[in-house]
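First residue of the sequence shown? That's 3 in the working numbering, and the numbers climb one at a time after it.
All C-beta atoms in this analysis are idealised placements derived from N, C-alpha and C, irrespective of residue type, glycine included.
Please read all numbers here as calculations on a predicted model, not as lab measurements.
The structure under discussion appears below in the form of structure tokens.
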Amino acid sequence: MVSVDGAKLEAFMGRALGDLGAAISGLMVYLGDRLGLYKAMAAMGPITPDVLAAETATDARYVHEWLDNQAAGGYVTYDARAGTYELPPEQALALADEESPAFLPGGFTGIVAAYVDADTFVDAFRTGRGVGWHEHDERLFVGTERLFRPGYKGYLVSEWIPELEGVEGRLRSGATAADIGCGHGASTIVMAQTYTASRFVGFDYHAASIDTARRRASEAGVADRVRFEVASAKDYPQDGYDLVTFFDCLHDMGDPVGAAVHARRALADGGTVMLVEPFAGDHPEDNHNPVGRAFYGFSTVVCTMASRAQEVGLALGAQAGEARLREIFEQAGFATFRRATETPLNIVYEARA
Ligand SMILES: C[S@@+](CC[C@H](N)C(=O)[O-])C[C@H]1O[C@@H](n2cnc3c(N)ncnc32)[C@H](O)[C@@H]1O
């Protein structure tokens with residue numbers, strides 16, 4: 003019989019029960035976001051459940067229960083005397099302000115999508131089969147866009163592109179760029195809004211994402227300079243781009259080396275590949291922390307399964323780390339590969355032929 007340390011068991015149970023609360027609270031964040039509860043609270047200050055329910059056309063009893071979940075998690079504060087709940091300004095930035103780089107509800111939308119697909123993942127674990135990006139609940143696509151877009155708006159043109167050698171000048175004076183695995187086109191559109199003399203084309207193998215990206219470009223008023231086309235990372239036209247970008251997608255691909263070779267051949271003379279990947283250290287133990295935990299979770303059921311669904315099926319994972327990514331670009335024949343900059347959630351690499 004294995005002997006169990008009571009104190010360690012108690013400590014682990016405390017942690018696991020906390021996770022149980024956190025897991026159901028993920029759904030609570032989804033509800034607060036979908037129903038406009040956070041946005042109403044951000045606009046109104048201290049508020050009673052009845053007023054919040056009336057303001058958002060929701061059921062007051064459910065809203066009351068939800069508010070106590072939120073207060074228990076430190077998402078809102080509660081004034082017992084007044085019977086009011088309040089969303090503090092810091093939480094409002096993270097939960098109610100779609101333009102803030104701290105905005106998080108997109109990630110929770112992605113988690114709801116993953117829960118919906120849970121039995122597909124059970125089957126994939128048993129069989130080893132891949133699950134293509136296109137096979138997921140469609141909330142994953144919108145969730146990804148809403149999670150990443152604020153970061154692109156906050157950092158891409160102000161901090162990331164200026165760190166690449168000669169790229170900003172080229173884009174300002176008029177260049178062509180291809181955004182591979184562009185999804186709903188958040189990064190493509192942010193670049194097009196800033197570099198008005200340049201032309202952009204976004205490619206993704208997922209046709210439904212390309213339809214949405216085209217709509218987003220029209221809504222943003224940049225459709226005259228941005229095209230979106232359905233194409234995989236190994237079959238888009240190699241039209242001599244000054245810049246080829248991969249935002250959080252290379253590790254989702256079955257054949258990242260093949261994608262990098264194709265990108266190298268698609269570059270104009272002196273062109274640059276910009277690779278943005280989730281923040282990660284080179285060794286698994288470097289990533290055994292809260293952020294790595296979230297990335298490994300999404301990577302298990304989204305990224306590695308997406309890669310497995312494609313030819314080669316390398317299944318790099320979202321926490322591949324710099325050394326592994328460098329190897330891929332060296333195998334693909336690039337002359338240089340370097341870490342250009344980083345944020346707490348991303349590392350930006352530059353590769354040149
Ligand atoms: C995590 S999403 C990132 C989307 C987008 N780059 C962003 O940052 O919002 C990964 C994207 O890679 C695309 N993708 C995966 N494999 C691909 C391939 N072989 N060729 C083109 N796109 C691919 C998926 O369809 C999906 O849109």
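- Judged by their CB atoms, Glu-352 and Thr-247 are not nearer to each other than the 8 angstroms cut-off.
- In this structure, Leu-142 is the residue among Gln-93, Leu-142, Phe-127 with its C-alpha nearest to the C-alpha of Ala-116.
- Between His-208 and His-136, the gap from beta carbon to beta carbon is short of 8 angstroms.
- Shortest Cα-Cα distance from Asp-244 to any of Glu-231, Arg-354, Met-30 involves Arg-354.
- Per DSSP, the beta bridge partners of Tyr-80 are Tyr-87.
- Taking a C-beta distance under 8 angstroms as the contact criterion, Gly-23 and Gly-75 qualify as a contact pair.
- Annotated three-state conformation of Asn-289 is helix, per DSSP.
- Here the segment 193-210 lies against the segment 221-233, with 3 or more beta-carbon pairs under 8 angstroms apart.
- Contact between the segment 253-264 and the segment 143-162 is absent, with fewer than three C-beta pairs closer than 8 angstroms.
- Contact between the segment 96-107 and the segment 269-287 is absent, with fewer than three C-beta pairs closer than 8 angstroms.
- Glu-67 and Ser-234 have their C-alpha atoms roughly 46 angstroms apart.
- One alpha carbon belongs to Ser-160, the other to Met-15, and they sit about 44 angstroms apart.
- For Ala-45, the closest of Arg-17, Ala-82, Glu-88 by C-alpha to C-alpha distance is Glu-88.
- Around the C-beta of Met-307, 16 or more other C-beta atoms lie within 10 Å, and the residue is accordingly described as buried.
- One Cα belongs to Leu-11, the other to Ala-56, and the distance between them is close to 45 angstroms.
- Looking only at Ala-94, Leu-19, Gly-112, the smallest Cα-Cα distance to Ala-104 is reached by Ala-94.
- DSSP places Thr-274 in the strand class (E or B) of the three-state scheme.
- Taking the Cα positions, Pro-346 is about 7 angstroms away from Phe-281.
- Thr-111: member of the alpha helix (DSSP H) spanning 107-118, first to last residue.
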